[in-house]
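Inspection log for the structure reproduced underneath, given as structure tokens.
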Amino acid sequence: MGALMVIFSLQTKQRRKMTDSVEDELELSAARHRPEALEQLEAQTRFSRKELQILYRGFKNECPSGVVNEDTFKEIYSQFFPQGDASTYAHFLFDAFDTDHNGSVSFEDFVMGLSILLRGTVQEKLNWAFNLYDINKDGYITKEEMLDIIKSIYDMMGKCTYPTLKEETPRQHVEIFFQKMDKNRDGVVTIDEFIDCCQNDENIMKSMQLFENVI
Amino acid sequence: MAAGVAAWLPFARAAAIGWMPVANLPMPIAPTNKNKHQDELIILNVSGRRFQTWRNTLDRYPDTLLGSSEKEFFFNEETREYFFDRDPDVFRSILNFYRTGKLHYPRYECISAYDEELAFFGIIPEIISDCCYEEYKDRKRENAERLMDDLEDNKDSKLPNMTFRETMWRAFENPHTSTMALVFYYVTGFFIAISVITNVVETVPCGYMPNQRDIPCGERYTEAFFCMDTACVMIFTVEYLMRLFAAPSRYRFMRSVMSIIDVVAILPYYIGLVMTNNEDVSGAFVTLRVFRVFRIFKFSRHSQGLRILGYTLKSCASELGFLLFSLTMAIIIFATVMFYAEKGSSSSKFTSIPASFWYTIVTMTTLGYGDMVPKTIAGKIFGSICSLSGVLVIALPVPVIVSNFSRIYHQNQRADKRRAQKVQKARLSRMRISKSGSSSAFLHSKRNGLNQSLELTGSLEEDQQLKKTTSLLESQHHHLLHCLEKTTNHEFVDERLYEQGYMQTALQNFPSQSPSLSSEEGITGTCCSRRTKKSMQPLSATHTHSHTHNLQELSALHIQCGERQALNTSRSSLNLMSDESGSLNCKSSGLVTTAIITIPTPPSNNSRASPDAPPPPNPDAPPLPNPGNDVVKISAL
Numbered sequence: 010m011g012a013l014m015v016i017f018s019l020q021t022k023q024r025r026k027m028t029d030s031v032e033d034e035l036e037l038s039a040a041r042h043r044p045e046a047l048e049q050l051e052a053q054t055r056f057s058r059k060e061l062q063i064l065y066r067g068f069k070n071e072c073p074s075g076v077v078n079e080d081t082f083k084e085i086y087s088q089f090f091p092q093g094d095a096s097t098y099a100h101f102l103f104d105a106f107d108t109d110h111n112g113s114v115s116f117e118d119f120v121m122g123l124s125i126l127l128r129g130t131v132q133e134k135l136n137w138a139f140n141l142y143d144i145n146k147d148g149y150i151t152k153e154e155m156l157d158i159i160k161s162i163y164d165m166m167g168k169c170t171y172p173t174l175k176e177e178t179p180r181q182h183v184e185i186f187f188q189k190m191d192k193n194r195d196g197v198v199t200i201d202e203f204i205d206c207c208q209n210d211e212n213i214m215k216s217m218q219l220f221e222n223v224i
Numbered sequence: 103m104a105a106g107v108a109a110w111l112p113f114a115r116a117a118a119i120g121w122m123p124v125a126n127l128p129m130p131i132a133p134t135n136k137n138k139h140q141d142e143l144i145i146l147n148v149s150g151r152r153f154q155t156w157r158n159t160l161d162r163y164p165d166t167l168l169g170s171s172e173k174e175f176f177f178n179e180e181t182r183e184y185f186f187d188r189d190p191d192v193f194r195s196i197l198n199f200y201r202t203g204k205l206h207y208p209r210y211e212c213i214s215a216y217d218e219e220l221a222f223f224g225i226i227p228e229i230i231s232d233c234c235y236e237e238y239k240d241r242k243r244e245n246a247e248r249l250m251d252d253l254e255d256n257k258d259s260k261l262p263n264m265t266f267r268e269t270m271w272r273a274f275e276n277p278h279t280s281t282m283a284l285v286f287y288y289v290t291g292f293f294i295a296i297s298v299i300t301n302v303v304e305t306v307p308c309g310y311m312p313n314q315r316d317i318p319c320g321e322r323y324t325e326a327f328f329c330m331d332t333a334c335v336m337i338f339t340v341e342y343l344m345r346l347f348a349a350p351s352r353y354r355f356m357r358s359v360m361s362i363i364d365v366v367a368i369l370p371y372y373i374g375l376v377m378t379n380n381e382d383v384s385g386a387f388v389t390l391r392v393f394r395v396f397r398i399f400k401f402s403r404h405s406q407g408l409r410i411l412g413y414t415l416k417s418c419a420s421e422l423g424f425l426l427f428s429l430t431m432a433i434i435i436f437a438t439v440m441f442y443a444e445k446g447s448s449s450s451k452f453t454s455i456p457a458s459f460w461y462t463i464v465t466m467t468t469l470g471y472g473d474m475v476p477k478t479i480a481g482k483i484f485g486s487i488c489s490l491s492g493v494l495v496i497a498l499p500v501p502v503i504v505s506n507f508s509r510i511y512h513q514n515q516r517a518d519k520r521r522a523q524k525v526q527k528a529r530l531s532r533m534r535i536s537k538s539g540s541s542s543a544f545l546h547s548k549r550n551g552l553n554q555s556l557e558l559t560g561s562l563e564e565d566q567q568l569k570k571t572t573s574l575l576e577s578q579h580h581h582l583l584h585c586l587e588k589t590t591n592h593e594f595v596d597e598r599l600y601e602q603g604y605m606q607t608a609l610q611n612f613p614s615q616s617p618s619l620s621s622e623e624g625i626t627g628t629c630c631s632r633r634t635k636k637s638m639q640p641l642s643a644t645h646t647h648s649h650t651h652n653l654q655e656l657s658a659l660h661i662q663c664g665e666r667q668a669l670n671t672s673r674s675s676l677n678l679m680s681d682e683s684g685s686l687n688c689k690s691s692g693l694v695t696t697a698i699i700t701i702p703t704p705p706s707n708n709s710r711a712s713p714d715a716p717p718p719p720n721p722d723a724p725p726l727p728n729p730g731n732d733v734v735k736i737s738a739l
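Residue numbers (the numbering used here), protein chains in the order written: chain S, 10 to 224; chain Z, 103 to 739.
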């Protein structure tokens, strides 16, 4: 009796495994992606040929299939912040990099984003930052969006911080930000207010130039 | 940080631009790449086989031979390549480690050769990745045991200074150590055999008595058997007491299986002595004699195979359980079926379902006694199905048990138990190490004050010389974490210190109710004494939860506790981080600096955004209450 049951379960398991493997194969082949030619990328971004080569090698090493999906992205980003939880901020970053919103970041998206961040003008960088903060991409940064962003940044610190993180710290931070940026006090920050305010702030200007020599 | 994602560090740093507009504080300067030459290929010639890789790949692990300047010793000027006179096959795995960040252990390699190569190239074996780690550890343990066995054979000859008790215990455990032990071993074995044979022969009928009935030998030669029994039991008792005396841990010995068997073997005799010929209990007394047969289990001390069999049964408990369970299920099903099938026929032995159990068991185990047979056609059909399925059900778990037995027989079961404990512990500690590795590296570099000088407004000279100690990759990673700290205006701390601070606040919450100074002193006294070994706690943790009246006394006591410690640490004892170095880097203007006491006014949450703090006081002097309403926090200096 028990033998019958065992044989039956073995059969169903085999059948299930076969269908699974076929589906898996299809999925894998669909996710493969080859980037455009080196010359095209060179024309579209501000990186030199050698820099593109180095970037691609690193990219392909970590993501052999050629695209990064959100989970891999979060995993990679979390490795740099071992003490906290970087997944929320990584999610926002992913949305900012995934310009065509297809759920995966290909090498082109990656390199375009990096080109703006590392070699772009200050205007472009601020534009990119605004795009990052504007979660629903409607052209306005509301307090809720900013709160989400700031909370995610604080999450990356983890809980072992000095002084201990309190509940209202992110909220206070948002208040400070809005006080600085929201000139007409309408509760949202538009792109012009943002760029204007940042250009007048010396600290922010200096810090924008910070990562010039990253590659 | 895994080397595989080292390639993504530029991306992570670029993404940090997203924090810049949000930050309120100036960012630290980025570490610069001094020697920014183009990435070049280097050739590694290992015993004639040439490997090529990028120089950056090797630089990922600066604390190994290939990643540091140590490889320059192997540079061959004429051929412009690095020559290593080592095994090229093993070098493959080592180079793959640099490329992929994962160190694999090839199964065909000898474990000691592999270990030697790892040691030569400065790679610690603990970073072998999970896929190969079990195998590596297994082989390593087997090797170690082999070495240990060899050692033990040599060691047994020379061990002068062991106490008498320890010698006895060793003699009991390993009979081959001395002739006395061997004699003892054989004598006890002999007596166990004698005792068992006596028990058996006791029941054999021998001879007739006048009243025409066979009586067993035990009743005929009562005194002889009693003398035999007494002798055996005395020997067993003496042996048990000697083992008890010699055991290193008596409690553990008494709980072990062998000692329980010993006790059960000799107890019936003593109970029999105590209980005289009382008619009521003689029946029970007879039952007790059954336990004498447990003496045969004493043989398991003498036979390794018996012990392994017992251990196998114990370790195959799940398979045995499954066997039992499936058999029970089948028995119940078939017994029910047979009962209802045979219900119709007259003079059927299948009087009830439990009565049919016997038939089912006998049939499924293919015994077939024939005392119960089905008579109806339906009964016969189901009976044959029953016997066929019985064969299958029993045949299935048995090979598992058999293979288990053979596996255990080939490995010592002591090694299994030892291994089970250590692997789990080692695995957990490895995971913890890898997780805390990078964060502790950052905190460590902070403690050494490396990051303090890196400020956009600060000077540049110091950071040049400090950079030499950490690799560029690490310093860039630390710079990134430092930017995050500046953005959020909080700092990373060690988990240990954070938990202490947390416990501290919990403790402080309690005495706020009781106004008496003595109780608080008692509590702070205990917590001070508890902390004398570790660094003292950030008192700011208490002040963030600002209590009312008693904080003044509390903080006074705290600072007095700090005084009791050595003077050179008293200042650093108020610090959070720099306990070892004690160097105060006051350049970090962003952090709230000083401390002292509070006042018994209603708490006001001092937000960290207020950087205007009074100048640092002398913490050694007894504090005085500040006039006015400033609640100041103690923080890192």
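Cβ atoms here follow ideal geometry from the backbone N, Cα and C, with glycine treated the same way.
Here the alpha carbon of Z/Ser-505 sits roughly 12 Å from the alpha carbon of Z/Leu-411. In the three-state DSSP reduction, Z/Asn-591 falls in the coil class, being neither helix nor strand. Linking Z/Thr-202 to Z/Arg-194 through their CA atoms gives a straight-line distance of about 12 Å. By the C-beta density criterion, Z/Pro-208 is exposed, having fewer than 16 other C-beta atoms within 10 angstroms.
Spanning the alpha carbons of Z/Gly-320 and Z/Val-493 requires a straight line of approximately 43 Å. Nearest neighbour of Z/Gln-513 by Cα position, chosen from Z/Ser-358, Z/Tyr-461, Z/Glu-601 and Z/Arg-241, turns out to be Z/Arg-241.
Excluding residues up to 5 positions away in sequence, Asp-141, Glu-142 and Ile-144 lie with their Cβ nearer than 7 Å to the Cβ of Z/Arg-157 in the same chain.
At a cut-off of 9 Å between beta-carbon atoms, S/Ser-96 makes no contact with chain Z. Of the other Cβ atoms in all chains shown, fewer than 16 fall within 10 Å of the Cβ of Z/Pro-501; this residue is therefore exposed. Under DSSP, Z/Arg-152 shares a beta bridge with Z/Asn-147. Taken atom to atom, the span from the alpha-carbon of Z/Asn-301 to that of Z/Cys-334 is near 11 Å.
At a Cβ-Cβ threshold of 9 Å, S/Leu-47 and S/Leu-123 do not count as neighbours. Under a criterion of Cβ atoms nearer than 7 Å, no residue of chain S is adjacent to Z/Asn-198; the nearest Cβ is some 12 Å distant.
In the three-state scheme derived from DSSP, where H, G and I count as helix and E and B as strand, S/Asn-209 is classed as helix.
Close partners of Z/Leu-422 in chain S (Cβ separation under 7 Å) are lacking, with about 14 Å as the shortest Cβ gap. With contact defined as three or more Cβ pairs closer than 8 Å, the segment 394-403 of chain Z and the segment 355-372 of chain Z are in contact.
At least 9 Å separates the beta-carbon of Z/Ala-109 from that of S/Phe-220. Counting the other Cβ atoms within 10 Å of the Cβ of Z/Gln-602 gives 16 or more, which makes it buried.
Note on geometry: alpha-carbon atoms of S/Asn-193 and Z/Thr-589 lie some 25 Å from one another.
In this structure Z/Pro-123 is in contact with S/Ile-213, their Cβ atoms being roughly 6 Å apart against a cut-off of 8 Å.
Taken in chain order, the complete alpha helix (DSSP H) segments of 4 or more residues contained in the segment 42-99 of chain S are 47-53, 58-71 and 79-87. In the displayed model, S/Val-198 falls within a strand according to three-state DSSP.
When DSSP states are grouped into helix, strand and coil, S/Ser-113 belongs to the strand group. The contact set of S/Tyr-86 on chain Z, defined by CB atoms closer than 7 Å, consists of Ala-114 in chain order.
For Z/Val-303, the CB contacts under 7 Å within the same chain, skipping 5 residues up- and downstream, are Cys-319 in chain order. Considering only S/Tyr-86, S/Lys-152, S/Tyr-98 and S/Asp-201, the residue with the shortest C-alpha distance to S/Gln-188 is S/Lys-152. Judged by their CB atoms, Z/Asn-147 and Z/Phe-175 are not nearer to each other than the 9 Å cut-off.
For Z/Leu-205, DSSP records a beta bridge to Z/Ile-230.
Beta bridge pairing from DSSP links Z/Glu-601 with no other residue. Secondary structure in the segment 117-149 of chain S: the alpha helix (DSSP H) runs of 4 residues or longer, each lying completely within the stretch, are 131-142 in chain order. For Z/Pro-123, the closest Cβ of chain S is nearer than 9 Å.
For the segment 463-476 of chain Z, the set of positions with a beta-carbon nearer than 7 Å to some beta-carbon of chain S is empty. Z/Cys-212 and S/Gly-67 have their C-alpha atoms some 33 Å from each other. Using a C-beta cut-off of 8 Å, the segment 143-151 of chain S makes contact with the segment 195-212 of chain S, since at least three inter-stretch Cβ pairs fall below that distance. When the Cα atoms are used, S/His-110 and S/Tyr-86 turn out to be separated by approximately 19 Å. Around the CB of S/Gln-132, fewer than 16 other CB atoms lie within 10 Å, so the residue is classed as exposed.
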